[in-house]
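Enquirer: Counting with my numbering, you get residues 3 to 649 for the letters of the sequence shown.
Positions of the beta carbon are idealized from the N, C-alpha and C atoms, including for glycine.
Small disclaimer: the values here were computed from a predicted structure and weren't measured.
Structure incoming, see below.
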Amino acid sequence: MKRRDTKLFVFLAAALLALLAPATTRTRAARDEWLGVRSQNFLVTGQAGEKDLRRVAVRLEEYRAAFSRLLSDEHFEPSVPTTVVVFRDERAYEPFQPVFRGQTASFVAGYFQPGPDINYITLALDTDNARGGSSSTLLHEYTHLLVNNYFRDAPLWLKEGLAEFYSTARVSGDRRRVTLGTRIPLRERELRGRALIPLGTLFDVDQQSPYYFEADKRGLFYAESWALVHYLLNGGTRRAQLARFIELLASGATARESFRQAFQMETGKLENELAAYVQLASYPESAEAFDRPLDFDSQLQVKSMTEAEGLACLGDLLLHTERADDAEVYLRRALELDEGLAAARVSLGVVRIKQGRFAEAREQLQRATALDPQNYLAHYRLADALNREGTVTGSDKISVQDFERQTDAIRAELRKAIELAPSSLESYRLLASVELERGDKPDEAVSLLRRASALAPRRLDFVLLLAQASLSKGEFDEARRLVGQVARRGGDARLREQAAMLAGRINAREELDVRLKSQADEAAKLEASDSAPAQPCDMPAQGGPQYKRLRFAGEQACGRLAEITCDAAGVLLRVEAGGRTLVLRAADLRDVRFVTYTANVKTGRLTCGVRAPADPVLVTYRPKRDERVGSDGEALAVEFIPEDWNH
């Protein structure tokens, strides 16, 4: 009997396993499948299963509707798409967690990664579920996206405080209300019994500060930032003042100036109010009502993705977190599975750009545009690769004709990118930069930058480029007005420094124009008189002496070499030519071919400095305006000629 029971048990167990195995295999296969869930404002993707991906998409849309109550609708929409990558668990998430100072930030459950072409949000699902499935990590990171889109230079305490406050948002079962300001026990514990950070210090914390980076201080920084935002939004009557404070910050005012204007008080008074609020520790909730029930689930579109598409997405995510070498591994695996996947080739092309392998980048991106001609990003990245490749190519390796063809190709790719994606800000920026460097189409640069500024009025880098375009047209007052705008509104120290440098160039250029006009007037008077000095050589339409064989290919001008300026940034040659000053740059004197046809000059003994008297020369150069150094082109050759060259 016992033996029979044992055999029966073994038989039933085997039968049960046989029945369950196919279902288990199907379940595992379903969980391994890549899916993309598209809502009105997001693409949520991953291998977490359709139910979880749909939940994430709906939560984001609901949250977005709630957050929009705080900020004005103006420019609320991101200028680039947002992709949310959802990982099943921490183990799957670990290779994609951010790296700080060479160490993986294993404490991070999710992060927001902005980019010029795409924004990424990442989330480990099991970590979120361990916190009650409230999507607090997801909502925290999405708040960063919204604040970053509204204004990039928001102070860190405001970014983290808003992100913590809104991370607990809950939508009611009937989808008509959202509850905000739910207390966060972890933050309450971190505040209990500890002295608050002085607000003057809190306002100055950045990502290099010990309060942000050191573990024992970071908790207090997050907690106090949350408490301050909670008080300003829920605890008192200061919500309108906080909204005004944010608007002033977004316009470029400093944090302290914005604080004084918005709150009409000194920080000490607010410190006392905040301390009392934290001591009370009530942290009341508030509710926002919607005019009609929110319904985002019915709008979702679900699409299966191939393994190659999933790998390409992970590779692009790593690429945007500045891990190009890691990204390459995933992108190459994606292309092994599907060599015709244009998105993977675009990302691999960007990897090659970051590695300085521009020719290989061009090849990848040309294949991408052929595979998917409607992919605006492929056209933009190809133009970027062509532009960078032309910059590093030696002057002796490319002819003027090839240079012109390459410039035309860059323009064509960028115009196509703008045609396919009229809101592609970086396409406008790069095309305007190309026109400014060439210097022959300043009006085109102005038009492009005005269109970009209309799409993103808070992008002060566009305003600065517009000032450079105005300078290139000789519109000094307009250039000064724009530079002043950046100087007043710029929260970014780097932009303010660039604005100050450009202001100096505007003054120098205006002084030079006045001097050249005076010299031209004097030259005209001398030419009309019998005492006019002989010119070193004439300047026919094609450049160069009329009866001398031209030794070098490129644009040419005759004049007098007045000065050679040398510094760590390179060499500038100043040539007075036909009533104008031609400024030509070179990385090093050895990069310029010097030839002499006169015993008065020994090319082996050239030194930097003012040349008195100035030497008659025929210069060959490649026109390429560079407003950063105020040059008109790249010097290729300088030929020293006698005074009686054409006599």
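Express the C-alpha separation of D340 and A495 in angstroms, rounding to a whole number.
Expert: Taking the straight line joining both Cα atoms gives about 45 Å.
Enquirer: Buried or exposed, going by whether 16 or more other CB atoms sit within 10 Å of the CB of A639?
Expert: Buried is the call here.
Enquirer: For G635, name the three-state secondary structure that DSSP assigns.
Expert: Of the three classes helix, strand and coil, the one that applies to G635 here is strand, per DSSP.
Enquirer: Using alpha carbons as the reference points, say which of L313, V87, L584 lies closest to G441.
Expert: Ranking L313, V87, L584 by Cα distance to G441 puts L584 first.
Enquirer: Note down the Cα distance separating V688 from G580, rounded to an integer number of angstroms.
Expert: For residue 688 there is no data in the structure shown, the boundaries of the chain being 3 and 649.
Enquirer: Can you say whether E428 is buried or exposed, counting buried as having 16 or more other CB atoms within 10 angstroms of its CB?
Expert: With 16 or more other Cβ atoms within 10 Å, it is buried.
Enquirer: Which residues in the same chain have their Cβ closer than 6 Å to the Cβ of V485, if we skip the five residues on either side of it in sequence?
Expert: Result list for V485: A469, A501, L504, A505, in chain order.
Enquirer: What separation, rounded to the nearest whole angstrom, lies between the Cα atoms of P644 and S520?
Expert: Spanning the two alpha carbons is a distance of roughly 27 Å.
Enquirer: Of all the options P615, P100, S449, which has the alpha carbon lying nearest to the alpha carbon of N602?
Expert: Nearest of P615, P100, S449 to N602, Cα basis: P615.
Enquirer: Excluding the 5 residues preceding and the 5 following E437 in the sequence, name in chain order all residues of the same chain whose CB lies nearer than 6 Å to its CB.
Expert: K443, E446, A447.
Enquirer: Using alpha carbons as the reference points, say which of L244, E512, A68, R40 lies closest to K475.
Expert: Checking every option, the nearest Cα to that of K475 belongs to E512.
Enquirer: Distance, Cα to Cα, A31 vs A277?
Expert: Annotation note: pLDDT 46 at A31 (below 50); position unreliable, coordinate value reported separately. Distance between the alpha carbons of A31 and A277: 54 Å.
Enquirer: Excluding sequence positions up to five away, which residues of its chain have a Cβ less than 7 Å from the Cβ of Q301?
Expert: These residues qualify, in order along the chain: S41, Q42.
Enquirer: Under 8 Å by Cβ, that's how I've got L467 and A510 pegged, so tell me the actual separation to the nearest angstrom.
Expert: Not quite, the Cβ-Cβ distance comes to about 19 Å (not below 8 Å), so this is no contact.
Enquirer: Do the CB positions of H381 and A419 come within less than 8 Å of each other?
Expert: A contact, by the Cβ cut-off of 8 Å.
Enquirer: To the nearest angstrom, report how far apart R325 and E259 are at their CA atoms.
Expert: Their backbone Cα atoms lie some 38 Å apart in a straight line.
Enquirer: Within the same chain, show all residues whose beta-carbon is closer than 8 Å to that of A454, passing over the 5 residues directly before and after it, in chain order.
Expert: Cβ neighbours of A454 beyond the five flanking positions: L427, Y430, R431, A434, R461, F464.
Enquirer: Considering just the uninterrupted stretch of the alpha helix (DSSP H) at Q243, what are its terminal residues?
Expert: Start and end: 241-252.
Enquirer: Indicate whether L204 and W159 have their beta-carbon atoms separated by less than 8 Å.
Expert: Their beta carbons are under 8 Å apart, which means L204 touches W159 by this criterion.
Enquirer: Can you pull the DSSP bridge partners for Y122?
Expert: DSSP output for Y122 lists T85, Q115 as bridge partner(s).
Enquirer: Tell me where the beta strand (DSSP E) around T622 begins and ends.
Expert: Per DSSP, T622 belongs to the beta strand (DSSP E) from 611-628.
Enquirer: For V619, which residues from the same chain have a beta carbon less than 8 Å from its beta carbon, with the 5 sequence-adjacent residues on both sides left out?
Expert: Here the set comprises P538, C560, G561, R562, L563, V577, V640, E641, F642, I643.
Enquirer: Using DSSP's beta-bridge definition, name the partner residues of A289.
Expert: DSSP, once it has assigned bridges, lists T181 as partnering A289.
Enquirer: If we ignore side chains and look at the alpha-carbon of each, how far apart do P295 and L62 end up?
Expert: Rounded to the nearest angstrom, the two C-alpha atoms are 16 Å apart.
Enquirer: Can you give me the C-alpha to C-alpha distance between G556 and V573, rounded to a whole angstrom?
Expert: Taking the straight line from one Cα to the other gives about 19 Å.
Enquirer: Name the DSSP beta bridge partners of G38, please?
Expert: Bridge partners of G38: T47, K305.
Enquirer: For D569, which residues does DSSP report across the bridge?
Expert: DSSP lists G572 as partners of D569.
Enquirer: Just checking my contact of L140 with V39 at CB under 8 Å: how many whole Å lie between their CB atoms?
Expert: That belief does not hold up - the Cβ atoms of L140 and V39 are roughly 14 Å apart, past 8 Å.
Enquirer: Is the Cβ-Cβ distance between A50 and R90 less than 8 Å?
Expert: It is a contact, given that the beta carbons lie within the stated cut-off.
Enquirer: What does the Cβ neighbour count give for R592, buried or exposed, with the cut at 16 atoms within 10 Å?
Expert: When all chains shown are included, R592 counts as exposed.
Enquirer: Looking at the C-beta of P118, does it have a partner C-beta in chain C at a distance below 8 Å?
Expert: Here there is only one protein chain, and chain C is not present.
Enquirer: Does the stretch 269-287 touch the stretch 303-318, meaning 3 or more C-beta pairs lie closer than 8 Å?
Expert: Touching, no.
Enquirer: Rounding to the nearest angstrom, what Cα-Cα distance links V46 and L55 in this structure?
Expert: Rounded to whole angstroms, V46 to L55 spans 6 Å at the Cα level.
Enquirer: DSSP state of R490, grouped into three classes?
Expert: Helix, per DSSP.
Enquirer: E143 to L608, Cα distance in whole Å?
Expert: Their Cα atoms are separated by approximately 59 Å.
Enquirer: Taking the beta strand (DSSP E) that F554 belongs to, which residues open and close that run?
Expert: Per DSSP, F554 belongs to no beta strand (DSSP E) and is neither H nor E.
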